[in-house]
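Q:
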Amino acid sequence: MDEISNIGANPDMIIQTGDLFQNCRPRWEDFRIVARWLSSFPKPVVVCPGNHDLEGGALASVRDLPLGVLEELGFIRTTSGFANGLEFTISQWGKPLGPGPGVLVAHEAIYPPDMDVPFQHYRADNLVALGWKVIIVGHVHIQARVERIGGTLFIWPGAISRGNILHDWGREPAVVWLDATTEPFEAEIVKLKTAAPFAEVFDTKQYEQEKQTEATFAEFVAGLRGAQLEAGFRDVFEGIRQLDSYKGLSDSVRDYIENTITEGLKSG
Ligand SMILES: [Mn+2]
Numbered sequence: 237m238d239e240i241s242n243i244g245a246n247p248d249m250i251i252q253t254g255d256l257f258q259n260c261r262p263r264w265e266d267f268r269i270v271a272r273w274l275s276s277f278p279k280p281v282v283v284c285p286g287n288h289d290l291e292g293g294a295l296a297s298v299r300d301l302p303l304g305v306l307e308e309l310g311f312i313r314t315t316s317g318f319a320n321g322l323e324f325t326i327s328q329w330g331k332p333l334g335p336g337p338g339v340l341v342a343h344e345a346i347y348p349p350d351m352d353v354p355f356q357h358y359r360a361d362n363l364v365a366l367g368w369k370v371i372i373v374g375h376v377h378i379q380a381r382v383e384r385i386g387g388t389l390f391i392w393p394g395a396i397s398r399g400n401i402l403h404d405w406g407r408e409p410a411v412v413w414l415d416a417t418t419e420p421f422e423a424e425i426v427k428l429k430t431a432a433p434f435a436e437v438f439d440t441k442q443y444e445q446e447k448q449t450e451a452t453f454a455e456f457v458a459g460l461r462g463a464q465l466e467a468g469f470r471d472v473f474e475g476i477r478q479l480d481s482y483k484g485l486s487d488s489v490r491d492y493i494e495n496t497i498t499e500g501l502k503s504g
């Protein structure tokens, strides 16, 4: 992170293209690490909320989530507008892309025309007609790449890890330096020298454990559905708290349940 903030000639702004968190309700320790990192930057940090940062991909949920707290604290901006004289628009995952002409920061699945992927996605060459000067892409996990197609400069900033939480792709972690001081804008891939190995970035063991407890919880709730109808929300969830299997759940799953209970009790 220190290396990123020192890249180039002191960046005016750092753009993070989404999925700042793996889970939109990260553990408190993880949230604190991210908040400390963000607060160390003297310049604006713009975050395009990703699908992992939001509940059900809905931007409205951001106010109730850690990402919204970071914005409220002034550490990040998640809205479109002007920053350092640069006009930009943010489009989070799953939303239609509107027309240019400034800089679009999008968390959508946008792939270069030579990559044919077997799932729903935008092809970069089909977006040229929208007229953006620059489209900066999140969500996809491809190696950092910069490509000018027609009048649009496409930037896939890559990721600052060597893979994702499930796969070590051995990719070279990089960021992209965008020079927006002269037209046309130019961009350059900068490989990170201090990036940590996959095994140090991801706690895959803990992730697998959390997945298991989530699966157990899902089965548990499915089994309770009938009982919930008969006994009512309050009785069932008070009952859940007393169970031994509840005590065995991971902290993040328990926090989630506690929030659900609190919200549920409020709405009667
Ligand atoms: Mn994503």
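237 is the number of the first residue of the sequence shown in this note's numbering; add one for each residue after it.
The beta-carbon is built from N, C-alpha and C at its ideal position, and this holds for glycine as well.
No experiment lies behind these values; they were computed from the predicted model shown.
Give me the residue from Ser-297, Leu-309, Trp-392, Ile-396 with the minimum Cα distance to Leu-428.
A: Per the Cα distances, Ile-396.
Q: Does the beta-carbon of Asn-287, which I'm using as the reference point, lie nearer than 7 Å to any heavy atom of ligand 1?
A: Yes, the beta carbon of Asn-287 sits closer than 7 Å to at least one heavy atom of ligand 1.
Q: Going along the chain, which residues of its own chain have a beta-carbon closer than 6 Å to the beta-carbon of Val-437, five neighbours each way excluded?
A: Answer for Val-437: Ser-397, listed in chain order.
Q: Assess, as a yes-or-no matter, whether the stretch 357-364 is touched by the stretch 264-273 under the definition of 3 or more beta carbon pairs within less than 8 Å.
A: No: fewer than three Cβ pairs fall under 8 Å.
Q: Any contact between the stretch 338-351 and the stretch 246-255? By contact I mean 3 or more CB pairs, one from each, below 8 Å.
A: Yes, since at least three Cβ pairs between the stretch 338-351 and the stretch 246-255 fall closer than 8 Å, the two stretches touch.
Q: With respect to 7 Å, is the separation between the Cβ of Ser-254 and the closest non-hydrogen atom of ligand 1 below this value?
A: A small correction: the amino acid at residue 254 is Gly; Ser does not occupy that position in the sequence shown. Checking every heavy atom of ligand 1 against the Cβ of Gly-254, one is found closer than 7 Å.
Q: Does Glu-466 pass the burial test, meaning 16 or more other C-beta atoms within 10 Å, or should it be called exposed?
A: A caution first: Glu-466 carries a pLDDT of 47, below 50, which makes its placement in the model unreliable, though a value can still be read off. Exposed is the call here.
Q: Residue range of the alpha helix (DSSP H) that Leu-340 falls in?
A: Not the alpha helix (DSSP H): Leu-340 falls in the beta strand (DSSP E), residues 339-342.
Q: Where Trp-368 and Gln-445 are concerned, what is the direct C-alpha to C-alpha distance, given to the nearest angstrom?
A: Each residue's alpha carbon lies about 43 Å from the other.
Q: Suppose you measure from the CA of Thr-388 to the CA of Val-364; what does that come to, to the nearest Å?
A: Looking at the two C-alpha atoms, the distance is approximately 6 Å.
Q: For His-403, which of Met-249, Ala-435, Thr-449 has the nearest alpha-carbon?
A: Nearest C-alpha to His-403: Ala-435.
Q: Cα-Cα, which of Arg-299, Gly-338, Val-282 is closest to Glu-419?
A: Of the candidates Arg-299, Gly-338, Val-282, the one whose C-alpha sits nearest the C-alpha of Glu-419 is Gly-338.
Q: Could you tell me the boundaries of the alpha helix (DSSP H) in which Leu-322 lies?
A: Premise fails: Leu-322 lies in the beta strand (DSSP E), 322-327, not in any alpha helix (DSSP H).
Q: How would you call Asn-495, buried or exposed, if buried means at least 16 neighbouring beta carbons within 10 angstroms?
A: Asn-495 should be labelled exposed.
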